[in-house]
Each structure stands twice: as C-alpha cells, then as structure tokens.
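A short worksheet on the structure shown next.
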Amino acid sequence: MAKKRVSYTLMKDHHKAVSRSVCYALGCDDYVNWCQLSEIMVARLTRVERTMLSFASMRSLPSDTRPHVSYALGDCEMPKGAPIAPFLDEVIWDAHYWAASASKDELRAYLRAIINHMDADDKKIAARNLQG
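Pasting the structure below:
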C-alpha cells in the first residue's frame with residue numbers, strides 16, 4: 075500500500091492551528107499551556123482525531139508508564155465540545171449520548187443558548203416537558 079503524503083499547504087486550517095498549538099506547548103513547556111492545548115484540540119479536532127493522537131502518544135510511552143497516565147486521567151473532566159449534527163434519524167439518540175457525556179457547565183451553556191434561540195411557542199412546549 076502506497077503511503078499518503080500530506081503537504082502542510084494542503085492541510086485543513088483547523089489541523090494547522092492544532093499543529094501550531096502543539097509546537098507552542100512544546101516550546102513553552104508550561105502546565106497551563108498543555109491544559110489549553112487540550113481545549114484547543116477539543117475545539118478543532120474530531121473525537122476520532124483526538125483518540126488517534128492519544129493512541130499514538132500512549133504507544134510512544136514505555137509500557138510500565140501507560141497505566142500511570144491512564145490512572146491520572148481517570149478523574150479528569152474534559153470538555154465535550156460542540157455536539158456534531160447527526161443524521162435525521164439519529165437526532166434523539168445522539169442528543170442523549172452527547173448530554174450523557176457533557177459536563178454540567180456545557181449542559182447549562184447549551185441549554186441556555188438553545189432556549190434563547192427558541193420562539194415563544196417552542197419555549198412553552200419545552201417548559202411543559204421540563205416540568206415532567
């Protein structure tokens with residue numbers, strides 16, 4: 075199988091932004107910058123892209139170090155990021171899945187934004203559904 079070559083000039087803008095951010099975090103070598111890098115990755119990369127980066131990073135570690143990294147991440151609450159628009163038949167399932175894995179702050183922020191964008195009739199319907 076021929077290897078796929080990727081030129082920086084042909085890369086998508088959000089991938090370029092992440093690569094610049096990685097270089098910045100490496101150069102600064104500061105905890106705060108590494109935390110901000112994870113926020114940038116949530117905003118700019120898909121879940122699959124972030125998973126593959128994590129996989130590659132974990133594989134680069136000695137096997138005796140991997141459990142320690144995994145354990146350290148156990149209690150982390152990473153932002154879920156914006157919900158991805160699903161296909162029509164998957165809307166309800168996807169909404170439940172996203173809401174189950176989002177943080178309280180994300181749930182509140184999206185709920186507030188959604189309610190603020192509803193017309194008066196939809197707000198009444200939502201209020202009836204929220205009350206039970």
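FYI, the numbering for the sequence shown is 75 to 206, going by the numbering used here.
For every residue, glycine included, the Cβ atom is placed at its ideal position computed from N, Cα and C.
In this text the structure is predicted, and so the values were computed from the model without any measurement.
Going by DSSP, Val80 is part of no alpha helix (DSSP H) at all; its letter is neither H nor E. By a beta-carbon distance limit of 8 Å, Leu119 contacts Val92. Their separation comes to about 6 Å. No Cβ-Cβ contact shorter than 7 Å links Leu111 with Ser128. No Cβ-Cβ contact shorter than 7 Å links Arg124 with Met132. By the neighbour-count criterion, in which a residue is buried when 16 or more other Cβ atoms sit within 10 angstroms of its Cβ, Ala99 is buried.
By the beta-carbon neighbour count (other beta carbons within 10 angstroms, threshold 16), Met126 is exposed.
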